[in-house]
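Heads up, the thing below is written out as C-alpha cells.
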Amino acid sequence: MTALQTITAPQLPTPSLPVPSVTNQQLFASLLAGGLFRDRVKAGEFTISDLPALRQLEAQLQPANEPAKTWDAAAVMERLFAHYPRPDLPESAAATRLDDWYDDLEGLPLAVIEATARDWRRSNARFAPTPGQFLEKAKRYSEPHSVGLGLVRLAIRVLAEQVPANDTSIQGSAA
C-alpha cells in the first residue's frame, strides 16, 4: 500500500448518507437502531467490551461536529455565491450582509456547510439562498451528525456505569 492509498479525503455527507462514514459501520448501525439504550444494555446487546470501539466511533464523529472556522465557511459561501447574480451593494452593506451570514452559520460544522452549499448549487435554484433557506437545508446534514455523536456518548456513559471500580484498563479512558 502506498502513502497515497492510506490518505483518504473526508467524505461529505449526502442526502442518502447524511452521517459521516465511520470504520465500525455495524456498531454504529446497531446504535442507530433505536430503543431505550439502558434496556438494550440489560439485554446484553451491548457490553463493556464495546467501550473501546465506541470511543473510537466518538473520535471519528467528533471532527464532523466541530464548528467551522469563519474563514473556511467564508470560502465555501464565496464559492457558492459565485454561481449566482449578486446585487450591486455599497461596500458597507456587503460587509454587513457577510457578517449576518457568518453569524447565522456560527456553530455549523464545515462538512455540513460544504454539503449544504453543494446541495444548493446542484439544485435548480436560480438565486443564491438566504441565510434562512440555507439553514433549513443544512438541518438534513447537521442533525444526523449531532444525533450520531450524542448516541455514541450516551452509550459510553451508560456502559461506563457498568465498569467495576477496580478495572483500570477500561475505566481509565472513561472520563
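Counting in my numbering, the sequence shown runs from 137 upward without gaps.
Don't be surprised by glycine CBs; every beta carbon is placed ideally from N, CA and C.
Just so we're clear, the structure is a prediction, and the values are computed from it rather than from any experiment.
Backbone CA spacing between residue i and residue j [nearest angstrom]
| i | j | result |
| --- | --- | --- |
| ASN201 | ARG276 | 14 Å |
| PRO199 | PHE173 | 24 Å |
| ASP240 | GLY268 | 8 Å |
| ALA251 | PRO300 | 43 Å |
| ARG254 | PHE270 | 11 Å |
| PHE182 | ARG176 | 7 Å |
| ALA274 | GLU214 | 17 Å |
| GLY284 | ARG258 | 26 Å |
Contacts around residue i, its chain only, beta-carbon distance under 8 Å, and the 5 residues preceding and following it disregarded
| i | result |
| --- | --- |
| SER278 | LEU244, PRO245 and VAL248 |
| ARG233 | LEU225 |
Close Cβ partners of residue i (< 6 Å) along its chain, the five nearest in sequence each way excluded
| i | result |
| --- | --- |
| LEU287 | LEU167 |
Three-state class that DSSP yields for residue i in the structure shown
| i | result |
| --- | --- |
| PRO300 | coil |
| PRO280 | helix |
| ARG174 | helix |
| ASP224 | coil |
| ARG289 | helix |
| PRO265 | coil |
| PHE270 | helix |
| PHE164 | helix |
Residues that residue i bridges to, as DSSP identifies them
| i | result |
| --- | --- |
| PRO203 | PRO245 |
7 Å Cβ shell around residue i - same chain, five flanking residues per side excluded
| i | result |
| --- | --- |
| TYR220 | PHE263 and ALA264 |
| VAL294 | PHE173, ARG174 and VAL177 |
| ILE184 | LEU295, GLN298, VAL299 and ILE306 |
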